[in-house]
Each structure stands twice: as C-alpha cells, then as structure tokens.
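Peer 1:
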Amino acid sequence: MRTKLALVPRMGLDLAVEEVELAEPKEHEVRLKVMTCTICGSDIHGLKGEHGEYEGAGTAGHEIAGVVDAVGPGVTYAKPGDRVLCSLLRAGCGHCPQCLKGHQWFCENIPPMSFREPSPFTRDNGEAVIQTMSGVSGFAEYTNCHEAMLCKIDGDIPFEIGSVLSCGFMSGFGAVLNRSVLKAAESFAVVGCGGVGLSAIMGAKYSGAVPIIGIDTQPGKLEAAKHFGATHVFNPKEEDVTAEIKKLTGGFGVDQSIVAVAGKGIKKLTWGLTAPWGQMVIVGHGHPRDESLEEFSAFDVLFGKRLTGSVQGNLTLRRDIPRYMEMYRYGQIDVDSLLTHRFSLDQIAEAIDDSMRGALKNVVCIGEPVPAGKQ
Ligand SMILES: [Zn+2]
Ligand SMILES: [Zn+2]
1 MRTKLALVPR
11 MGLDLAVEEV
21 ELAEPKEHEV
31 RLKVMTCTIC
41 GSDIHGLKGE
51 HGEYEGAGTA
61 GHEIAGVVDA
71 VGPGVTYAKP
81 GDRVLCSLLR
91 AGCGHCPQCL
101 KGHQWFCENI
111 PPMSFREPSP
121 FTRDNGEAVI
131 QTMSGVSGFA
141 EYTNCHEAML
151 CKIDGDIPFE
161 IGSVLSCGFM
171 SGFGAVLNRS
181 VLKAAESFAV
191 VGCGGVGLSA
201 IMGAKYSGAV
211 PIIGIDTQPG
221 KLEAAKHFGA
231 THVFNPKEED
241 VTAEIKKLTG
251 GFGVDQSIVA
261 VAGKGIKKLT
271 WGLTAPWGQM
281 VIVGHGHPRD
291 ESLEEFSAFD
301 VLFGKRLTGS
311 VQGNLTLRRD
321 IPRYMEMYRY
331 GQIDVDSLLT
341 HRFSLDQIAE
351 AIDDSMRGAL
361 KNVVCIGEPV
371 PAGKQ
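If you count by the numbering used here, then the sequence shown holds residues 1 to 375, one letter each, in order.
If you want it as structure tokens, here you go:
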C-alpha cells in the first residue's frame with residue numbers, strides 16, 4: 001500500500017517525508033496504523049549511523065503506539081483494531097530453552113535485534129530503505145513489525161503514553177527496578193537526565209533511594225531531574241561532580257549508578273563516582289568505537305564493585321507493561337511530565353532538532369492531528 005514515511009536519502013539527519021510503497025505484512029507480522037511515535041536519542045544515533053554505518057536511504061522511529069490495521073499469516077497475538085504499543089523488546093515464545101530460563105531477550109524463535117536491516121518500504125525510484133532501529137520504522141503513517149514486538153494497551157491509556165512506555169520509560173525505570181534492584185535508603189546517581197535518565201530517577205524515588213543525584217550539562221534537564229525526585233543535581237561543566245558526590249556519601253561514592261547517555265568519558269566519570277562496593281549499570285551507548293572499556297582496571301573490581309548493563313530495562317514485555325499502565329493510571333509514575341512538544345509527521349525534522357536542543361521527549365502525532373492546546 002502507499003504510505004507517507006520520513007526518511008533520510010543517505011546517512012545523517014536530513015529527514016524529509018515522502019510517499020513510498022509498504023509491502024504486505026509477512027508471516028508473524030502485522031501492519032500498524034501508527035498513531036504516535038516519540039523520539040528517542042537512539043533514533044538520532046541510528047540515523048547518523050552511530051549504531052553502524054549504512055548505505056542509501058534510512059529511516060527510524062521505534063517508540064510506537066497505534067492500531068493493528070492488518071495481520072500477516074500465522075499471527076496469533078493481535079487482530080485488526082487492537083490498540084498496541086510496539087517495542088524493540090520482544091515477547092519471547094515462552095517455550096524455548098532461553099525463554100524457560102527467563103532470558104526471553106535471547107528467545108530462539110524470534111528475530112534478534114539488528115540495527116541495519118531492510119525495511120518493508122520501497123521508494124518510487126526502486127530503492128530499498130534501511131531501518132536503523134531494530135525491526136521497525138515508526139516515522140510513518142503505516143508500518144509493519146513482528147507480532148512479538150507488540151503489547152496491547154488499555155483503552156484509557158493515551159497513545160503517546162504507550163509510545164513512551166515502549167522504550168524510553170522502561171529503559172530507565174526498568175533498569176533501576178530490575179538491574180540495579182535499588183533498596184530503600186541506598187544512594188543513587190544517574191549521568192544523563194534525558195527521557196531515560198529521568199525515568200531512572202522516577203525508579204529511584206519509587207524505590208526509596210537517598211540521596212538521588214542527577215548529572216547533566218543542560219540546566220533545563222537538571223531542573224527536570226529535581227521535578228522527578230532528584231535531591232541533588234550537578235553540572236560537570238560547572239563543578240567537580242565526583243568530589244561533590246564523595247562529599248555527600250562519606251567519601252565513598254554512591255551505592256548504585258546508571259549511565260543514561262552516550263559519550264566519551266561518561267562511563268569513566270560514572271565509575272569514579274560509584275562506591276567500591278557499588279554497582280554501575282550501563283544503559284546509554286553510542287558508536288562502538290567510543291565504547292571501549294580499556295581504561296578500567298581489574299583492581300577496580302577486586303573489592304566487589306560491579307559493572308553491568310541493561311537493555312530495555314530488562315523487562316518482560318507483556319508482564320511489565322500492564323503493571324506500568326496500572327501505575328500510570330493511579331499516578332505512581334509521572335510519564336506525562338516527560339512529554340515536551342508535539343509535532344506532525346511533516347514537522348519531523350523540527351521535532352528532531354528540538355530533541356537535540358534538550359527537549360525531554362517529543363511526540364510525533366501521526367494517526368490524528370496534534371491535539372489543540374498541546375503543542
Ligand atoms: Zn527508545
Ligand atoms: Zn523463546
């Protein structure tokens with residue numbers, strides 16, 4: 001079918017919307033009518049080739065909520081008309097050895113994550129479009145994805161909230177609850193206070209951490225960190241963050257830290273402000289060439305300091321999203337305050353620019369117009 005799609009003609013951020021051909025959904029795929037797609041730092045990294053270079057046209061958009069429009073052969077989870085979110089995190093098959101051990105991320109029956117693969121879109125000049133986010137492209141009116149990426153969303157959950165829950169929120173909040181496993185009164189710091197970092201702060205507050213420290217170079221993000229529950233905020237451009245945090249923690253550093261932004265030197269900084277018995281969880285990542293851990297010593301871990309990571313908050317998709325919807329419904333998580341501005345699909349370049357200037361989480365409203373009074 002014909003659909004509008006935002007794409008870059010070559011690697012970079014030169015986004016434009018054009019009409020393209022969308023293939024019919026294949027086995028175990030559905031066609032989604034995209035209602036909202038929120039913008040994530042990973043979309044920007046993907047389009048710029050920072051998850052791996054690509055040739056030719058590319059597209060992105062992976063924080064999707066919408067309505068199932070059609071189903072391909074063999075689909076059992078969803079039917080046309082279902083309200084769903086689409087997540088990079090897949091629901092495992094539930095019966096392979098990895099699923100049975102609780103590692104559904106490594107399910108043997110679901111396509112694995114890959115940042116450069118053919119999309120179902122073809123340009124009118126015959127060129128295939130690469131999808132730079134794993135298995136889905138949401139900056140489009142209609143798109144296809146594997147049914148394992150879907151989780152149904154309740155009728156009272158706005159699509160834009162479904163979009164945020166599908167990645168940004170879960171990546172931060174889930175990392176704290178499922179990987180850090182923060183305990184009440186443990187100290188906590190997060191480096192990077194974008195959508196993921198702020199969601200981590202929500203997770204730390206929910207877990208009873210104290211102090212809760214937000215670190216970022218943008219003053220607006222530090223203000224937001226306080227809104228979501230940071231007891232202290234620091235700007236590495238203005239102060240010696242490590243020294244300040246050691247002062248707050250008896251000279252040792254924090255019990256738990258999260259890296260929620262990509263960039264050279266960030267992991268070293270975060271490791272240095274984590275206590276010798278503490279744990280650092282890597283969530284944010286950039287180009288593989290910037291992600292070497294050569295600067296770490298085995299002596300760093302001799303006393304038990306731990307370094308680990310978290311992808312998509314270590315969620316079990318269809319178990320945890322319903323829990324998060326319930327928490328949202330009763331005001332236990334403030335996902336609304338993560339949303340900054342709304343844009344139409346035609347305004348996507350502006351939406352990405354605004355995200356790069358420091359917006360927390362921009363929404364691209366696709367299936368229906370930008371709601372009045374919500375720009
Ligand atoms: Zn994301
Ligand atoms: Zn499985």
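Ideal Cβ positions, reconstructed from N, Cα and C, are used throughout, including at glycine.
#1: Following a CB-centred definition, is Ser42 positioned closer than 7 Å to any heavy atom of ligand 1?
#2: In three-state terms, what does DSSP make of Ala78?
#3: So, does the segment 328–344 touch the segment 361–370, judging by three or more C-beta pairs under 8 Å?
#4: If we require 3 or more residues per run, which beta strand (DSSP E) segments fall completely within the segment 328–366?
#5: Runs of 4 residues minimum, wholly inside the segment 255–325: which ones carry the alpha helix (DSSP H) assignment?
#6: Have a look at Glu108 and Leu89 and give me their C-alpha separation to the nearest angstrom.
#7: On the criterion of 16 or more Cβ atoms from any shown chain inside 10 Å, does Leu100 qualify as buried, or is it exposed?
#8: Within the present structure, is the beta-carbon of Gly92 separated from the nearest heavy atom of ligand 4 by less than 7 Å?
#9: Determine, using beta carbons only, whether Val259 comes closer than 8 Å to chain C.
#10: I'd like the span of the beta strand (DSSP E) that includes Lys4, first residue to last.
#11: Between Glu63 and ligand 1, is there a pair consisting of the residue's CB and a ligand heavy atom that are separated by less than 7 Å?
#12: Check this for me: beta carbons of Lys237 and Thr217, under 8 Å apart or not?
#13: What does DSSP give as the partner residues of Lys33 in its beta bridges?
#14: Measure the C-alpha to C-alpha separation of Trp105 and Gly92 and round it to an integer number of angstroms.
#15: If we call anything under 8 Å between Cβ atoms a contact, is Phe169 one with Leu338?
#16: Given a cut-off of 8 Å on the beta-carbon distance, is the pair Gly309 and Gly194 in contact?
#17: Can you say whether Glu63 is buried or exposed, counting buried as having 16 or more other CB atoms within 10 angstroms of its CB?
#18: What residue range is occupied by the uninterrupted alpha helix (DSSP H) comprising Pro120?
#19: So, do the segment 171–190 and the segment 55–71 have three or more beta carbon pairs nearer to each other than 8 Å?
#20: I'd like the span of the beta strand (DSSP E) that includes Val17, first residue to last.
#21: In chain order, what are the residue ranges of uninterrupted alpha helix (DSSP H) at least 4 long that sit wholly in the segment 191–227?
#22: Counting along the chain, where does the beta strand (DSSP E) carrying Cys151 start and finish?
#23: Need the endpoints of the beta strand (DSSP E) that His95 sits in, please.
#24: CA-CA distance, Ala351 and Gly208?
#25: Between Leu85, Glu24, Thr270, which has its C-alpha nearest Asp411's C-alpha?
Peer 2: In this structure, then:
#1: Yes, ligand 1 has a heavy atom inside 7 Å of this Cβ.
#2: For Ala78, the secondary structure class from DSSP, reduced to helix, strand or coil, is coil.
#3: Counting Cβ pairs under 8 Å, three or more are found: they touch.
#4: Given a length threshold of 3 residues, each whole run of the beta strand (DSSP E) inside the segment 328–366 is given here in chain order: 342–344, 363–365.
#5: DSSP runs (the alpha helix (DSSP H)) wholly in the segment 255–325: 266–272.
#6: Approximately 14 Å, taken between the alpha carbons.
#7: Around the Cβ of Leu100, a 10 Å sphere holds fewer than 16 other Cβ atoms; the residue is exposed.
#8: Ligands in the displayed structure: ligand 1 and ligand 2; ligand 4 is not one of them.
#9: Of the protein chains in this structure there is only one, and it is not chain C.
#10: Per DSSP, the unbroken beta strand (DSSP E) holding Lys4 starts and ends at 2–7.
#11: Answer for Glu63: yes, Cβ within range of ligand 1.
#12: Contact: yes.
#13: Its beta-bridge partners are Val67, Tyr142.
#14: The alpha-carbon atoms of Trp105 and Gly92 are separated by roughly 7 Å.
#15: Taking 8 Å as the Cβ cut-off, Phe169 and Leu338 qualify as a contacting pair.
#16: Not in contact: Gly309 and Gly194 (Cβ atoms no closer than 8 Å).
#17: Counting other Cβ atoms within 10 Å of its Cβ, Glu63 reaches 16 or more and is therefore classed as buried.
#18: Segment 117–122 is the beta strand (DSSP E) holding Pro120; no alpha helix (DSSP H) there.
#19: With a cut-off of 8 Å, the segment 55–71 and the segment 171–190 do not count as touching, because too few Cβ pairs lie within range.
#20: Going by DSSP, Val17 is part of the beta strand (DSSP E) stretching over 16–22.
#21: Runs of the alpha helix (DSSP H) inside the segment 191–227: 195–207.
#22: Here the beta strand (DSSP E) through Cys151 covers 150–152.
#23: Premise fails: His95 is in no beta strand (DSSP E) and is neither H nor E.
#24: About 35 Å.
#25: No information on residue 411 is available, as it lies outside the stretch 1 to 375 that the chain covers here.
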